Structures are given as structure tokens and as C-alpha cells.
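A.B. asks: Below is one structure. I have some questions about it.
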Amino acid sequence: MNMIHDLSPDELLTTTRAVRRRMDFDRPIADEVVRECLAVAQQAPTATNQQNWRFMIVTDADQRLAIADIYRQGWEEYRRIPTATLIRTHDDAGRAAVQRRVRDSAQYLVDNMHRVPAMVIPCVVGRADDMAAWEKTTQWSTMMFATWSLMLAARARGIGSVYTCVHLVREEEAAGVLGIPYSRVMHVGLIPLAYTIGDRFWPAHREPLEDIVHWNRW
Ligand SMILES: Cc1cc2nc3c(=O)[nH]c(=O)nc-3n(C[C@H](O)[C@H](O)[C@H](O)COP(=O)(O)O)c2cc1C
0 MNMIHDLSPD
10 ELLTTTRAVR
20 RRMDFDRPIA
30 DEVVRECLAV
40 AQQAPTATNQ
50 QNWRFMIVTD
60 ADQRLAIADI
70 YRQGWEEYRR
80 IPTATLIRTH
90 DDAGRAAVQR
100 RVRDSAQYLV
110 DNMHRVPAMV
120 IPCVVGRADD
130 MAAWEKTTQW
140 STMMFATWSL
150 MLAARARGIG
160 SVYTCVHLVR
170 EEEAAGVLGI
180 PYSRVMHVGL
190 IPLAYTIGDR
200 FWPAHREPLE
210 DIVHWNRW
């Protein structure tokens, strides 16, 4: 097992970043290592302990190419949405610069998605399309805890990841490629995995806590 041993829990939690440009596309990831990360993810909580999670792992080169193509199409559609957060411009110069950096980095991933050695598509059994907001929340949350655990377990093993969602614009098409029964099973993201180039990452800039936390009353 290839672990980064000197990471404390807080360091792991604060340095698991969205990795795109620092992915080593040429270094394979053993299936066994992906399994270890999935076993960690499986310890996450699920709503009413339903454990209705499923993980689709895509390593086959043709399948990766097909999913990367759908990802690109999803990205192109996303870019055309006027309110898309990455496309909308910021008045604040600092935030606009960060936004440009993230957009360029996201574009890099679009251009290289087919090269990642493994993709994880977390799925939930049960579609949320017609559910009330609260019930949708339970479906999504069920996968998000597990997905973040998977990303942390990957980072602890020197593997970078980034949570992505733009392929969901074309979820049904992706389901067709992967044989996922779309009418019963919902994708909730697409996580590319690759060993990172170097293993040092740093906490990101965040707003002061005082601006986002409310105690006892809003
Ligand atoms: C709900 C959600 C959706 C996201 N969708 C995408 C995506 O489709 N493509 C992408 O490249 N990054 C995506 N990201 C990654 C964010 O852009 C990234 O987390 C953000 O830039 C902050 O970087 P950090 O995670 O290193 O703090 C998504 C993140 C979240 C939480």
C-alpha cells in the first residue's frame, strides 16, 4: 500500500484539493488500490442505513474515451448556460482571477479526461427526479459522504481526484454506454482518479469564518 504517512487527519481534510493539472496520466492505478478506497467510502453513513449506493468504475480505454466525450459535450452545454458559475463574470478582480484559473483548469481536465487511469461514477439506486426537496437531499447526501471519503482515501494513497458533475447533463447517454439502468439508478457525479505529480498540497483560501457562521440566530 502506497500511503502518505505524515498526513494528520486535519491535514488530510484541508489539503484534499480539486486536482486536475497535477494528474499523472501515465501511471496506472491497481484495481486493488481502487478497491481499498471504495471500502473506506463504504463506511460512510447513508440515509436510514439503506446502503443504496453503487460505484461504477471505468478503467477500460474505450469506455473512458466514450465517457470523456460525453463529459466534453456536457461541458460545452454547461458553458452555454448564461448563469453557469464558471462562466458568469465577477466584479471583484481577485475573485475573477480565481474564477479564470478554475475555468482553465476545468478545461484542461475536459481535454484530458480520457487519459485518467480510472473514473468513479457514484450512483444511487432510486431516481430523485420527482422527489420533494427534502427527500432529494437524502438521496444526494447518501452518496456525497461516501464520495468525499473515497476522495480522502485516494489522497491518503497519493491519488488525486476532483468531484465533477457536468456529464450529468447527458446522464442518460452515459448510462447507455455503461449499461446503467437509468430508470432506476441515478448518477451523482464523475470522479477521475490519477496519482498526483508530487504529493504536497495546501489549504485553499477561504472567507473568514465570521462571514459565514451564525450562532443561535441568523
Ligand atoms: C458540487 C460540485 C460540482 C463540481 N463540478 C465540477 C465539474 O463539473 N468539473 C470540474 O472540473 N470541477 C468541478 N468541481 C470542482 C470545483 O471546481 C472545485 O472543488 C473548486 O474549484 C474548489 O477547489 P478545491 O476543491 O481545491 O477547494 C465541482 C465541485 C463541487 C463541490
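Mapping to numbering that gives the first Met the number 0: the sequence shown position 39 is 38, numbers consecutive.
All C-beta atoms, glycine included, are put in the ideal place defined by N, C-alpha and C.
Everything numeric in this text was worked out from a predicted model, so none of it was measured.
1) Could you tell me which residues DSSP puts in a beta bridge with Trp52?
2) Nearest to Asn48 by CA position, among Asp198, Asp128 and Val123, is which residue?
3) Suppose the cutoff is 6 Å on Cβ atoms and the five residues either side in sequence are ignored; what does the same chain contact list for Ala145 look like?
4) Helix, strand or coil, according to DSSP, for Leu6 in the structure here?
5) Report the three-state DSSP secondary structure of Gly188 (helix, strand or coil).
6) Quick one: what's got a C-beta closer than 6 Å to Thr163's C-beta in the same chain, skipping five residues either side?
7) On the DSSP bridge list, what partners appear for Ser160?
8) Quick check on the DSSP output: the alpha helix (DSSP H) that includes Leu167 runs from which residue to which?
9) If you scan the region 66-142 from start to end, which runs of the beta strand (DSSP E) of 3 or more residues do you find wholly inside it?
10) With Leu37 as the anchor, note down where its alpha helix (DSSP H) starts and where it stops.
11) Contact defined as beta carbons within less than 8 Å: I believe Met55 pairs with Ile179. What is the distance between those atoms, to the nearest angstrom?
12) Whole-angstrom Cβ separation of Leu116 and Ile28, contact assumed at under 8 Å?
13) Three or more C-beta pairs under 8 Å: does that hold for the region 160-177 against the region 63-73?
14) Which of helix, strand or coil does DSSP assign to Asp210?
15) Do Tyr162 and ligand 1 come close, with the Cβ less than 7 Å from some heavy atom?
C.D. replies: Quick answer:
1) Its beta-bridge partners are Val123.
2) Cα-wise, what sits closest to Asn48 is Val123.
3) Only residues of its own chain outside the window of five on either side were considered, and among them Ala40, Ala43 and Trp52 have a CB closer than 6 Å to the CB of Ala145, listed in chain order.
4) Three-state DSSP puts Leu6 in coil, outside helix and strand.
5) It is coil, neither helix nor strand.
6) Contacts found: Leu189.
7) Ala17 and Leu192, per the DSSP bridge assignment.
8) Per DSSP, Leu167 lies in no alpha helix (DSSP H) and is assigned neither H nor E.
9) The beta strand (DSSP E) runs lying completely inside the region 66-142 and spanning 3 residues or more are 117-124, given in chain order.
10) Run containing Leu37: Asp30 to Ala40, per the alpha helix (DSSP H) assignment.
11) Here Met55 really is in contact with Ile179; their C-beta atoms are around 6 Å apart, less than 8 Å.
12) First, the residue type needs correcting, since residue 116 is Pro and not Leu in the sequence shown. Yes, they are in contact, since the Cβ atoms of Pro116 and Ile28 sit about 5 Å apart, within 8 Å.
13) Counting Cβ pairs under 8 Å, three or more are found: they touch.
14) It is helical.
15) Yes.
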